[in-house]
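Number of protein chains: 2
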Amino acid sequence: MEEVKLIATHQSFPCARVEWALRIKGVEYEYLKEDLANKSSLLLQSNPVHKKVPVLLHNNKPIAESLVILEYIDETWKKNPLLPLDPYERAQARFWARFIDEKCVLAVWGATVAQGEEKEKAVGAALESLALLEKEIQGKKYFGGEKIGYLDIAAGCMSLWFSVLEELGEMELLNAERFPSLHEWSQNFLQTSPVKDCIPSRESVVEYFSFGINYVRSLAASSKS
Amino acid sequence: MEEVKLIATHQSFPCARVEWALRIKGVEYEYLKEDLANKSSLLLQSNPVHKKVPVLLHNNKPIAESLVILEYIDETWKKNPLLPLDPYERAQARFWARFIDEKCVLAVWGATVAQGEEKEKAVGAALESLALLEKEIQGKKYFGGEKIGYLDIAAGCMSLWFSVLEELGEMELLNAERFPSLHEWSQNFLQTSPVKDCIPSRESVVEYFSFGINYVRSLAASSKS
Chain A
1 MEEVKLIATH QSFPCARVEW ALRIKGVEYE YLKEDLANKS SLLLQSNPVH KKVPVLLHNN
61 KPIAESLVIL EYIDETWKKN PLLPLDPYER AQARFWARFI DEKCVLAVWG ATVAQGEEKE
121 KAVGAALESL ALLEKEIQGK KYFGGEKIGY LDIAAGCMSL WFSVLEELGE MELLNAERFP
181 SLHEWSQNFL QTSPVKDCIP SRESVVEYFS FGINYVRSLA ASSKS
Chain B
1 MEEVKLIATH QSFPCARVEW ALRIKGVEYE YLKEDLANKS SLLLQSNPVH KKVPVLLHNN
61 KPIAESLVIL EYIDETWKKN PLLPLDPYER AQARFWARFI DEKCVLAVWG ATVAQGEEKE
121 KAVGAALESL ALLEKEIQGK KYFGGEKIGY LDIAAGCMSL WFSVLEELGE MELLNAERFP
181 SLHEWSQNFL QTSPVKDCIP SRESVVEYFS FGINYVRSLA ASSKS
């Protein structure tokens, strides 16, 4: 009998990626809710290198890092493929998923926490990243074509999570005038199963990010004083 | 007729990864040597997002990012698989390759450029990263088992390149006493085909890194003055 457990926290988007993927595949799993302020020994044993959620436990074997977990899920449960089948399209999907994690998320986070004269420059960098993704989604319903795929799952942070960061950072990034295709994708994405059945409340994400933003801003303020 | 071209520079280890992979697969390719001080329009068109080498051109279709290219090569030319066949082992190989790029390389680079009171802490962080990889290679000839695989290729920077950074950073990291298994792996790796036939000269790598190190140190010095 197969056993699938997910160590995760509801407000984190890397964790949401794994939940969406498991649900697309129709894999049943047990959700082990992690308290990040008091990490469990199971998490520390399962991901001793990064000590971070999400961790997927498949028959007690741990897999960490959300994009690595997505590939594992796609290779283990073949139904409803997440990645395209063509090697070149697979490479493009992986390229953009890395871009989202390594550039886009950092740029939007940087714009959120930036204050004073750094704000305009940081917002500009975030807009530059998003403009590249706007070009990628133009003319398509989903990054994966007619269905949600690997890159939609990876890009899921651009829906609710970026919207919360815009609110907390008092800035407008992903509006319909500036990025019509990304904006429409984001609306579609949030209304598609299984995403719509498996998304944290806006209030809980606001609370989740607020702590980190205040912490970073207080560090920046104390280093200047 | 298939056409494979590689836009690259000999001293860069992400570029070396792609060359090793193509040679393991027995794929013939044309090497397009890039001058990073005066980037070609072909590079800028092929990788407009990052404007970086390596880029693989397969029948004129560009693929960028060395780890993405390795997966593409493995999926396109099936002979001599680079990744393990088992999904769990594949996930582990991908996890550690990301660790090398996102933690280990940055830690060793940080230790190289650090000066003054920051040096000891930075060297400590680099040693912590390497200690995790020492545990991974213990008892094995290669990360891939009896043959060089995806993770050996990803880890290839720990051979010649890290050794040059140790010299330029005036520090000892990967010696035989501290990390006997990694040290032995590194020696084996450099003597294995196709690596041994396709490695830049030490002098050229010293020159390649020296420029960057001096630049970073001069920035750090000017921000303190």
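Protein sequence lines, in the order shown, are assigned to chains A and B. In terms of UniProt numbering, the first sequence has 168 at position 168, counting the first letter as 1, and numbering is strictly consecutive. In terms of UniProt numbering, the second sequence has 137 at position 137, counting the first letter as 1, and numbering is strictly consecutive. All residues carry an ideal CB built from backbone N, CA and C; glycine is no exception.
Beta-carbon proximity check, residue i vs residue j, cutoff 8 Å
i	j	result
B:I24	B:N80	yes
A:S181	A:Q115	no
A:V105	A:I69	no
B:L32	B:I73	no
B:L173	B:A126	yes
B:R94	A:E71	yes
A:T112	A:L165	yes
A:K61	A:K51	no
Burial state of residue i (16 or more Cβ within 10 Å)
i	result
B:V53	buried
B:M158	buried
A:E207	exposed
A:G144	buried
A:A107	buried
B:S210	exposed
B:E34	buried
A:S46	buried
A:L219	exposed
A:S186	buried
A:S12	buried
A:L133	buried
Option in the options with minimal Cα separation from residue i
i	options	result
A:K121	A:F99, A:K196, A:M171 and A:K147	A:M171
B:H58	A:L6, A:P87, A:V68 and A:I199	A:P87
A:P84	A:V4, A:Y150 and A:A220	A:Y150
A:Y29	A:L44, A:I7 and A:D197	A:I7
A:K196	A:G156, A:A111, A:R94 and A:D101	A:G156
A:K119	A:A93, A:E102, A:G169 and A:A91	A:G169
B:L56	A:Q92, A:T76, A:S204 and A:A220	A:Q92
B:L42	B:E75, B:V27, B:K5 and B:V113	B:K5
B:L130	B:T112, B:R217 and B:R178	B:R178
B:K78	B:P14, B:G26 and B:I213	B:G26
B:C198	B:A16, B:S12 and B:M1	B:A16
A:E167	A:V205, A:D101, A:G124 and A:R217	A:V205
A:V123	A:F162, A:K140 and A:K135	A:F162
A:W109	A:S222, A:G212 and A:K140	A:G212
B:K135	B:E146, B:W96 and B:D101	B:W96
Cβ neighbours of residue i in the same chain (closer than 6 Å, five flanking residues each side left out)
i	result
A:H10	P200
B:E3	N59
A:T76	none
A:E146	none
Test: residue i CB closer than 8 Å to a CB of chain C
i	result
A:V27	In the displayed structure, chain C is absent; the protein chains listed are A and B.
Contacting residues, own chain, Cβ-Cβ under 8 Å from residue i (five flanking each side not counted)
i	result
B:R98	L67
A:V49	A64
B:I148	W20, I24, Y142, F189, T192 and V195
A:I176	Position check: residue 176 of chain A holds Ala in this sequence, whereas Ile was assumed. Hits under 8 Å: H183 and E184.
B:K103	S129
A:L44	K51
A:R217	V113 and Q115
B:D101	L67 and A154
B:Y215	none
Sequence-distant residues of the same chain with beta carbon closer than 7 Å to residue i, five excluded per side
i	result
B:R90	L83 and P84
residue 267 of chain A	Nothing can be reported for residue 267 of chain A: it is not among the residues displayed for chain A, which extend from 1 to 225.
B:A221	none
*Relative to chain A, which residues along the segment 54–84 of chain B have a C-beta separation below 7 Å, given in chain order?*
K61, I63, A64, E65, V68, E71, Y72, E75 and T76
*In chain order, what residues of the UniProt domain "GST C-terminal" (86–208) of chain B put their CB closer than 7 Å to some CB of chain A?*
P87, Y88, R90, A91, R94, F95, R98, F99 and L132
*Taking a cut of 9 Å between CB atoms, which residues from the segment 15–39 of chain A lie near chain B?*
none
*Where the segment 42–53 of chain B meets chain A: residues whose CB sits under 8 Å from a CB there*: V49
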